[in-house]
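Chain order of the listed sequences is P and R.
If you want our numbering, it's the 1-based position in the first sequence plus 32.
If you want our numbering, it's the 1-based position in the second sequence plus 32.
Ideal Cβ placement from N, Cα and C applies to all residues, glycine included.
Computed from a prediction, not measured in an experiment: that's the story for all the values here.
Working notes for the structure below.
Number of protein chains: 2
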Amino acid sequence: MNAPLPEHLLPEIRQRETPSALIDALKARFPDRCSTALVVREHHGRDESSFAAPPPDAVVFAESTADVADAVILAGKYHVPIIPFGVGTSLEGHLLAVQGGISVDVSRMNKVLSINAEDLTVTVQPGVTRKQLNEAVKSTGLFFPIDPGADATLGGMSATRASGTNAVRYGTMRENVLALEVVTASGQIIRTGTRAKKSSAGYDLTRLMVGSEGTLGVITEVTVKLYPLPEAISAAICSFPSIEAAVRTTIEVIQLGVPIARVELIDANTVRMVNTHSKLGLREEPMLLMEFHGSPNSVKEQAELVQELASGHGGNAFEWASTPEERTRLWTARHNAYFAAIQSKPGCRSISTDTCVPISRLADCLLESVAEADASGIPYFLVGHVGDGNFHFGYLIDPEKPQEREAAEALNHQLVNRALSLGGTCSGEHGIGLHKIDFLVLETGDGAVDMMRTIKRALDPKNIMNPGKIFTL
Amino acid sequence: MNAPLPEHLLPEIRQRETPSALIDALKARFPDRCSTALVVREHHGRDESSFAAPPPDAVVFAESTADVADAVILAGKYHVPIIPFGVGTSLEGHLLAVQGGISVDVSRMNKVLSINAEDLTVTVQPGVTRKQLNEAVKSTGLFFPIDPGADATLGGMSATRASGTNAVRYGTMRENVLALEVVTASGQIIRTGTRAKKSSAGYDLTRLMVGSEGTLGVITEVTVKLYPLPEAISAAICSFPSIEAAVRTTIEVIQLGVPIARVELIDANTVRMVNTHSKLGLREEPMLLMEFHGSPNSVKEQAELVQELASGHGGNAFEWASTPEERTRLWTARHNAYFAAIQSKPGCRSISTDTCVPISRLADCLLESVAEADASGIPYFLVGHVGDGNFHFGYLIDPEKPQEREAAEALNHQLVNRALSLGGTCSGEHGIGLHKIDFLVLETGDGAVDMMRTIKRALDPKNIMNPGKIFTL
């Protein structure tokens, strides 16, 4: 059972009705592609967050930008919300129809429109997922590095400014989206950006849209950067006597400017869960999973340097993998952490944290939070994109026990306060959605949130674009 | 003599008067730091662009964020424009008081506020220049790579989304600004962003401000990324039989993912001017200047690969430099190109282009534009950050001869049209200012510019923040 929304968010809920005239108009415009079936609506009214909200009143399956524009124009006529939907992997309640309205499912807009291998760019429809994209560009010798845990869509990844394990080297969606096509709140179709690598041409609308979580428009095309597949790739796992030792090693790696492609922390507890789940037989100690990309020499140099740094902190038992199969086996631990954790406590839900701090403060932030989590008695898993200063606790709670949820949220709150006091952010990569509306104000102050609200009101005067997310209006 | 503004920009000019009550109020608030002396106003009323406009009505020398906020609040009371001023190196008319108003000079806000070497970040006041910043962080073993031609301020570089020769490897101000403090149009002081390396916390106000050219607020603090000084640096120049050969080499370097730190084109004509100016004795052929950063091995690998690619296109006479002194000598050609060109035609002004195209279209764009420039008979210099697809023609015109200016602007217009048709942008790094207002509409279409206008009107309802720039309202 998902939890009801916190009380202060309730005023945002259900202020509006969807008139039947709108449903009729949508069914006329989209004869076979507008559903009001409860099962369809319920599927589109939830995501990976742990909040409960009523489902949307209808779901439109868009197959083109014109479809999206028409749905927005019709909804606007009746002042009814539009909630873009990709594959539903949001962790923060982005997809919940807290004010009712229409879910616009773009998963059928899943064409790779143009691969410009010579320019290292590709343009896709928003429903293309990251794995699909990598499959499509494989023959070009290029790849797209951004890899949130789920096989999310490029539209959703853009909307939440997603990242993942490769961000330490390749950046996030912020750095990798070159241009967008967007349907605005008035149903106009605009283009932001070009395929040029850099530009000083006016306001950076691309980056205003990236991370705007559907509140300023629906993304209908995405142009992103690609990268040459590295000549050599080498992966390694290394166990450490303590989380602190693993984190101190990471900090040194980053401060020395080693161009490491991935450096992920898994705590001992999570290694144990993964061993149980996937029979990996890994040492049940805090562990870094690393990957090095480059020329064979450069990969060797990086690996040697990192080994030296690790051994200075008691890191041992480096296990190396250079073939794709061996690498996949090593990365299984990281990829299965979430599922292994969930299965370790049947029926549980995970309350996920997402703070990100400057690298020098990572040990402080992480260690104090581990001590707090341990003291709470709530089981958790802990994984982190530690090279970026970003990590996730997943507090495993029994959704039937409100006191567990409260305790987990209290831990989250303490962690966010700590991260902010250390110069960090409440959200490294998941977005604000519903869950972090209060944290955003804590982080930026009222002035900056007011500026966001002013932009929102100006660009969406009817407040129909995914209302109730990021901030209350 | 600078040129009058084009006719379609005239409605933006001088619609407002600065009441003497405002001047009195500013003089009362800033007793020794508000000047109405003509020489001071004229100094603040021009930049490196070739437009003429009346000077601002007063200049306030701000020494703190509170000073800036008070100046904005007072100006707002009288609906009078505020034009932020750093060191006056804009190329596009950003500093011109086209609607009168108050120039707020932030050059005295030139403190480096905090160097966080462990996090590879630094926070500075907006009047700190890039060279001053690098001097300040030198002892930490870190550096700040963004290097527009002039020794611009970090505030100005942020406001124009500047870049330079290192952008091919290190990105532009878009990628390197982590956080800002901004005085808004209402005089409120807000913070955008944190020192965390990545964030998904709400709208990306940092990147909305970066490149907004003073039209949305005055930047009063800038936090940027720093990078470890490379273990090894090697620079080289290489001459080519044709511009095409140099450009084809560059394209291959980029497409192969060589992490080259700099790759600059200088055409034969410009080499000739530089030889005359600086007695360098360089081969008067098209030339690439390159720099490689990394470990000694990696630099060697990169250099060998690039040499191989270059020789495939007839590139020869590689001249290498590894010591700082030798590198400085090689880079003199690039750094002095502008001055050498200006001195080649006494009394001339340069009309500078700034297009940037996807790398695969660079040869097409550049070669056709060279042919056009040659056919026009107007002398020019040509330099380019070709690794990014960005290059600058400087058409050298006699400012007393309107027909030369018209011919140069016609060339510029043809070049912009060509770049846009190839998927590029009218401005790689100089910004829109006054000069490219029309080009921006050509590039993005009315819809996107309307969105910019809507944001501007919402955040600056009195239109006091550097009005008349980027777009007409």
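Discussion item. For R/His367 and R/Ala69, I'd like the C-alpha separation in whole angstroms.
Written reply: Along the second sequence, one-based indexing puts residue 367 of chain R at 335. Along the second sequence, one-based indexing puts residue 69 of chain R at 37. Distance between R/His367 and R/Ala69, taken at the CA atoms: about 34 Å.
Worksheet entry | Reduced DSSP category for R/Pro328 - H, G, I as helix; E, B as strand; rest coil | Residue 328 of chain R sits at position 296 when you count from the first residue of the second sequence. The three-state reading of DSSP puts R/Pro328 in helix, counting H, G and I together.
Worksheet item: Just checking my contact of R/Val242 with R/Val209 at CB under 8 Å: how many whole Å lie between their CB atoms?
Response: On the second sequence, position 210 is the one that residue 242 of chain R refers to. On the second sequence, position 177 is the one that residue 209 of chain R refers to. Right, the Cβ-Cβ distance comes to about 5 Å (below 8 Å), so this counts as a contact.
Worksheet item: Are P/Val92 and P/Leu37 close, meaning C-beta to C-beta below 9 Å?
Response: Here residue 92 of chain P refers to the residue found at position 60 of the first sequence. Here residue 37 of chain P refers to the residue found at position 5 of the first sequence. Result no, Cβ atoms of P/Val92 and P/Leu37 do not sit closer than 9 Å.
Worksheet entry | Burial state of R/Asp79 (16 or more Cβ within 10 Å) | The residue labelled residue 79 of chain R in the question sits at position 47 within the second sequence. It is buried - the Cβ of R/Asp79 has at least 16 other Cβ atoms within 10 Å.
Discussion item. Could you tell me which whole beta strand (DSSP E) segments of length 3 or greater appear in the segment 413 to 445 of chain P?
Written reply: Runs of the beta strand (DSSP E) lying entirely within the segment 413 to 445 of chain P and spanning at least 3 residues, in chain order: 422 to 429.
Worksheet item: What residues in its chain sit with their C-beta under 6 Å from that of P/Ile391, if we drop five residues either side in the sequence?
Response: Taking the first sequence and counting its residues from 1, the one referred to as residue 391 of chain P is at position 359. Contacts found: Ile283, Ile286, Gly421.
Fill in: Minimum Cβ-Cβ distance from P/Thr504 to chain R less than 9 Å
The sequence position of residue 504 of chain P within the first sequence is 472, counting from 1. False, the Cβ-Cβ gap to chain R never drops below 9 Å.
Worksheet entry | Nearest-angstrom Cα separation, counted from P/Pro356 out to P/Leu362 | Counted from its first residue, the first sequence places residue 362 of chain P at position 330. Counted from its first residue, the first sequence places residue 356 of chain P at position 324. Roughly 10 Å between the two C-alpha positions.
Worksheet item: Taking Cβ positions, are R/Pro87 and R/Gly118 nearer each other than 9 Å?
Response: Your numbering for residue 87 of chain R matches position 55 in the second sequence. Your numbering for residue 118 of chain R matches position 86 in the second sequence. It is not a contact, given that the beta carbons lie outside the stated cut-off.
Discussion item. With distance defined between alpha-carbon atoms, name the residue in R/Ala194, R/Ile383, R/Pro493, R/Asp151 nearest to R/Ala440.
Written reply: Working through the second sequence from its first residue, we reach residue 440 of chain R at position 408. Checking every option, the nearest Cα to that of R/Ala440 belongs to R/Ile383.
Practice prompt. For P/Asp236, name the three-state secondary structure that DSSP assigns.
Written response: Here residue 236 of chain P refers to the residue found at position 204 of the first sequence. If DSSP states are grouped into helix, strand and coil, P/Asp236 belongs with coil.
Practice prompt. Answer yes or no: do R/Arg223 and R/Leu212 have a C-beta to C-beta separation smaller than 9 Å?
Written response: Counting from 1 along the second sequence, the entry for residue 223 of chain R is found at position 191. Counting from 1 along the second sequence, the entry for residue 212 of chain R is found at position 180. When the beta-carbon positions are compared, R/Arg223 and R/Leu212 come within less than 9 Å of each other.
Worksheet item: Taking Cβ positions only, does P/Tyr412 come closer than 9 Å to chain R?
Response: Along the first sequence, read from residue 1 onward, the residue named residue 412 of chain P stands at position 380. So, not an interface residue.
Fill in: Beta-carbon spacing of R/Leu30, R/His76 below 9 Å
Only positions 33 to 505 of chain R appear in the structure, and residue 30 of chain R is not among them; the question remains open.
Discussion item. Given this structure, state the Cα-to-Cα distance separating R/Gly479 from P/Asp492, to the nearest angstrom.
Written reply: Your numbering for residue 479 of chain R matches position 447 in the second sequence. Your numbering for residue 492 of chain P matches position 460 in the first sequence. Between R/Gly479 and P/Asp492, the C-alpha separation is close to 14 Å.
Worksheet entry | Any chain P beta carbon closer than 9 Å to R/Ile178 | For the purposes of this step, residue 178 of chain R is taken as the residue at position 146 of the second sequence. With 9 Å as the cut-off, R/Ile178 does not count as an interface residue toward chain P.
Discussion item. Distance cutoff 9 Å, beta carbons only. Does R/Gly416 sit that close to anything in chain P?
Written reply: Counted from its first residue, the second sequence places residue 416 of chain R at position 384. Contacts with chain P at 9 Å (Cβ-Cβ) do not include R/Gly416.
Discussion item. Looking at the secondary structure, which residues open and close the beta strand (DSSP E) in which P/Lys257 lies?
Written reply: As a working note, residue 257 of chain P is residue 225 in the first sequence. Segment 250 to 257, the beta strand (DSSP E) holding P/Lys257.
Worksheet item: How many Å lie between R/Gly125 and R/Ala85 at the Cα?
Response: As a first step, residue 125 of chain R is located in the second sequence; it is residue number 93 there, counting from the start. As a first step, residue 85 of chain R is located in the second sequence; it is residue number 53 there, counting from the start. Cα to Cα, R/Gly125 sits roughly 9 Å from R/Ala85.
Worksheet item: Are P/Ser376 and P/Pro318 touching if we call contact CB-CB under 9 Å?
Response: The residue you call residue 376 of chain P lines up with position 344 of the first sequence. The residue you call residue 318 of chain P lines up with position 286 of the first sequence. The beta carbons of P/Ser376 and P/Pro318 sit no closer together than 9 Å.
Discussion item. On a Cα-Cα basis, can you pick out the residue from P/Cys397, P/Ile115, P/Ala342, P/Cys270 that is closest to P/Ile251?
Written reply: For this step, residue 251 of chain P is matched to residue 219 along the first sequence. That would be P/Ile115, whose Cα lies nearest to the Cα of P/Ile251.
Discussion item. Taking DSSP's pairing of strands, which residues face P/Gly132 in a bridge?
Written reply: For the purposes of this step, residue 132 of chain P is taken as the residue at position 100 of the first sequence. DSSP output for P/Gly132 lists P/Val130 as bridge partner(s).
Worksheet entry | First through last residue of the beta strand (DSSP E) which encompasses R/Thr224 | Translated into the one-based positions of the second sequence, residue 224 of chain R becomes position 192. For R/Thr224, the uninterrupted beta strand (DSSP E) run begins and ends at 221 to 224, by DSSP.
Worksheet item: Out of P/Phe83, P/Thr155, P/Gly173, P/Thr172, which has the shortest C-alpha to C-alpha gap to P/Leu186?
Response: For the purposes of this step, residue 186 of chain P is taken as residue 154 along the first sequence, with counting starting at 1. Measuring from the Cα of P/Leu186, the nearest candidate turns out to be P/Thr155.
Discussion item. Just to check my reading of the structure: R/Asp89 and R/Gly132 have Cβ atoms closer than 8 Å, yes? What is that Cβ distance to the nearest angstrom?
Written reply: For the purposes of this step, residue 89 of chain R is taken as residue 57 along the second sequence, with counting starting at 1. For the purposes of this step, residue 132 of chain R is taken as residue 100 along the second sequence, with counting starting at 1. About 5 Å separates the beta carbons of R/Asp89 and R/Gly132, which is inside the 8 Å limit, making them a contact pair.
Worksheet entry | C-alpha gap between P/Gln446 and R/Arg73, whole angstroms | The sequence position of residue 446 of chain P within the first sequence is 414, counting from 1. The sequence position of residue 73 of chain R within the second sequence is 41, counting from 1. Answer to the nearest angstrom: the Cα atoms are 52 Å apart.
Practice prompt. Please classify P/Ser195: is it buried, with 16 or more other beta-carbons within 10 angstroms of its beta-carbon, or exposed?
Written response: Counting from one through the first sequence, the residue named residue 195 of chain P turns up at place 163. Result: buried.
Discussion item. Relative to the C-alpha of P/Leu428, which candidate in P/Ala372, P/Cys458, P/Ile469 has its C-alpha closest?
Written reply: As a working mapping, residue 428 of chain P is identified with position 396 in the first sequence. Here the closest residue by C-alpha is P/Ala372.
Item to complete: Can you tell me which of the three DSSP states R/Asp470 falls into?
Response: As a working mapping, residue 470 of chain R is identified with position 438 in the second sequence. The answer is helix: DSSP assigns R/Asp470 an H, G or I state.
Discussion item. Can you find the residues in the same chain that come closer than 6 Å, C-beta to C-beta, to R/Glu436, ignoring five residues on each side of it along the sequence?
Written reply: Here residue 436 of chain R refers to the residue found at position 404 of the second sequence. Once the five neighbours on either side are set aside, the close Cβ partners of R/Glu436 are Ile429, Asp430.
Worksheet item: When DSSP labels each residue in this structure, what does P/Glu276 get in the three-state scheme?
Response: Position 244 of the first sequence, counted from the first residue, corresponds to residue 276 of chain P. Three-state DSSP puts P/Glu276 in a helix.
Discussion item. Mapping the DSSP letters down to three states, classify P/Ala85 as helix, strand or coil.
Written reply: The residue labelled residue 85 of chain P in the question sits at position 53 within the first sequence. Reduced to three states, the DSSP call for P/Ala85 is coil.
Worksheet item: With distances taken from CA atoms, which of R/Lys433, R/Gly416, R/Ile469, R/Thr385 is nearest R/Gly379?
Response: Numbered from its first residue, the second sequence carries residue 379 of chain R at position 347. Residue nearest to R/Gly379 within the set R/Lys433, R/Gly416, R/Ile469, R/Thr385 is R/Lys433 (criterion: CA-CA distance).
Worksheet item: Over what stretch of residues does the beta strand (DSSP E) that includes P/Cys270 continue unbroken?
Response: Locating residue 270 of chain P in the first sequence gives position 238, where the first residue counts as 1. Its beta strand (DSSP E) spans residues 264 to 271.
Worksheet item: According to DSSP, what are the bridge partners of P/Glu323?
Response: To locate residue 323 of chain P, count along the first sequence from 1; it is residue 291. Residue pairing for P/Glu323: DSSP places it in a beta bridge opposite P/Ala267, P/Arg294.
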